[in-house]
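Trainee: Residue numbers (the working numbering): 22 to 385. Below is a structure I'd like to ask you about.
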């Protein structure tokens, strides 16, 4: 396996002092490249002033549930510049505290939450510096035989019945989800605006073909469950990661299977095999449950020659519609400082760090 980490580090400007691009997550495989298909990196841009749980939920939905055929290996959160924030929030608040976080602070809030949640496939980066990095990254990967494409992730406000934000960052594919913001072409809860009035598919968008549902076959789920168990930490609680192809001392799936079996605590081979099978069954049932709660739809744009496509993840689970950056700013503006961190819990990313930023801004 070839790691994406070194390529991104090489593409960063010389002044970037970070020692790692992606967070360590024990038992989880870091972003890796393949020459067998296009490797896709998700791009999620925005102000994130401040970032909240809905932002992260949308990104996780897009990364984990956008389809095996997309081959998404990583994501980059592109944080808007301070100049853009000054333009967007140019009107002063009439009362209370204003919230105008620097791009470095917003990146820290993202990175803190990504590390705390073991999301080892994502990094946050200044949006106005990404063009240069992405150009170097694509060039270096192409030189070594890897194909790279970027895919945009956007909220429901960027994808609607009448307009869709195609083409930003030269992305041909756009992904959205209704987990944190409802969309106007699908009313949630398992029911869409089906064009025939009776089905539960999303309504057809302007200048787009009808939606097609993408279903994951049971046998794929079963194999995915098996691989997940074989590549998970040992069942004896040791936390030892099992060998995988390309690791020192590993010889692919056979070595992973041997390492998995050896970590089981049963006294004989038959019990170990049975325990391994139980783990696989449990993971398979968990995957079935997730599949039933996350339905993937795709459609093609008909009004251009670039081949734009949309992917929509319909979720049975939804965050509160009150989770937004606007509401977070209102909480910060109108909450007693002694109570602020508690009020931010479950809404903001890295609430303790965000509280410190607010305190520092007002000299507390």
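No residue lacks a Cβ here, since even glycine has one placed at the ideal position from N, Cα and C.
With DSSP run on the structure shown, which of helix, strand or coil describes residue 212?
Mentor: The sequence position of residue 212 within the chain shown is 191, counting from 1. Caution is warranted here: a pLDDT of 46 is assigned to residue 212, below 50, making its placement in the model unreliable, and no coordinate value can be reported.
Trainee: Starting from residue 372, follow the alpha helix (DSSP H) in both directions and report where the run begins and ends.
Mentor: Residue mapping note: residue 372 aligns to position 351 of the chain shown, counting from 1. First-last of the alpha helix (DSSP H) with residue 372: 372-382.
Trainee: Within 10 angstroms of its Cβ, does residue 380 collect 16 or more other Cβ (buried), or is it exposed?
Mentor: Here residue 380 is taken as the residue at index 359 of the chain shown, counted from 1. When all chains shown are included, residue 380 counts as exposed.
Trainee: Classify residue 442: buried if its beta carbon has 16 or more other beta carbons within 10 angstroms, exposed otherwise.
Mentor: Residue 442 lies beyond the range of the chain shown here (22 to 385); nothing can be said about it.
Trainee: Would the stretch 292-301 count as touching the stretch 49-67 if we require 3 or more Cβ pairs under 8 Å?
Mentor: no
Trainee: Who are the Cβ neighbours of residue 103 in its own chain at under 7 Å, not counting the five residues just before and after it?
Mentor: Walking along the chain shown from the start, residue 103 turns up at place 82. Hits under 7 Å: 123 and 124.
Trainee: Cutting at 6 Å between CB atoms, please list the residues of its own chain near residue 304, excluding the five before and the five after it.
Mentor: In the chain shown, counting from the first residue as 1, residue 304 sits at position 283. Counting only Cβ-Cβ distances below 6 Å, and skipping sequence neighbours, we find 246, 249 and 250.
Trainee: In this structure, what does DSSP give as the bridge partners for residue 250?
Mentor: As a position in the chain shown, residue 250 is number 229, starting the count at 1. Paired residue(s): none; residue 250 is not in a bridge.
Trainee: Tell me which residues share the same chain as residue 72 and place their Cβ nearer than 6 Å to its Cβ, disregarding the 5 neighbours each side in the sequence.
Mentor: Translated into positions along the chain shown, residue 72 becomes position 51. Once the five neighbours on either side are set aside, the close Cβ partners of residue 72 are 130, 131 and 370.
Trainee: Classify residue 263 as buried or exposed, calling it buried when 16 or more other Cβ atoms lie within 10 Å of its own Cβ.
Mentor: Mapped onto the chain shown, residue 263 falls at position 242. Residue placement at residue 263 is poorly supported in this model, since its pLDDT is 37, which falls under 50; the coordinates are not used for a value here.
Trainee: At the level of alpha carbons, what is the spacing between residue 297 and residue 244?
Mentor: To locate residue 297, count along the chain shown from 1; it is residue 276. To locate residue 244, count along the chain shown from 1; it is residue 223. Computed Cα separation, rounded: 14 Å.
Trainee: Specify, as a first and last residue, the run of the alpha helix (DSSP H) that residue 130 falls within.
Mentor: On the chain shown, position 109 is the one that residue 130 refers to. Where residue 130 is concerned, the enclosing alpha helix (DSSP H) stretches over 124-137.
Trainee: Tell me which residues share the same chain as residue 58 and place their Cβ nearer than 7 Å to its Cβ, disregarding the 5 neighbours each side in the sequence.
Mentor: Taking the chain shown and counting its residues from 1, one reaches residue 58 at position 37. Excluding residues within five positions, the ones whose Cβ falls inside 7 Å are 92.
Trainee: Judging by CA-CA distance, which residue of 25, 232 and 338 is the nearest neighbour of residue 55?
Mentor: Looking up residue 55 in the chain shown gives position 34. Ranking 25, 232 and 338 by Cα distance to residue 55 puts 25 first.
Trainee: Going by the CB atoms, is the gap between residue 200 and residue 336 shorter than 8 Å?
Mentor: As a working note, residue 336 is residue 315 in the chain shown. As a working note, residue 200 is residue 179 in the chain shown. Contact: yes.
Trainee: Pull up the distance between the alpha-carbon of residue 96 and that of residue 190, whole angstroms please.
Mentor: Within the chain shown, numbered from 1, the residue matching residue 96 stands at position 75. Within the chain shown, numbered from 1, the residue matching residue 190 stands at position 169. For residue 96 and residue 190, the distance between alpha carbons rounds to 14 Å.
Trainee: Helix, strand or coil for residue 154 per DSSP?
Mentor: Here the question's residue 154 lines up with position 133 in the chain shown. Correct three-state label for residue 154: helix.
Trainee: Decide if the stretch 63-80 is in contact with the stretch 28-38; the criterion is three or more beta carbon pairs, one per stretch, under 8 Å apart.
Mentor: no
Trainee: Please check the pair residue 229 and residue 323, which I expect to be a contact at CB under 8 Å, by giving their CB distance rounded to whole angstroms.
Mentor: One-based indexing of the chain shown puts residue 229 at position 208. One-based indexing of the chain shown puts residue 323 at position 302. That belief holds up - the Cβ atoms of residue 229 and residue 323 are roughly 6 Å apart, short of 8 Å.
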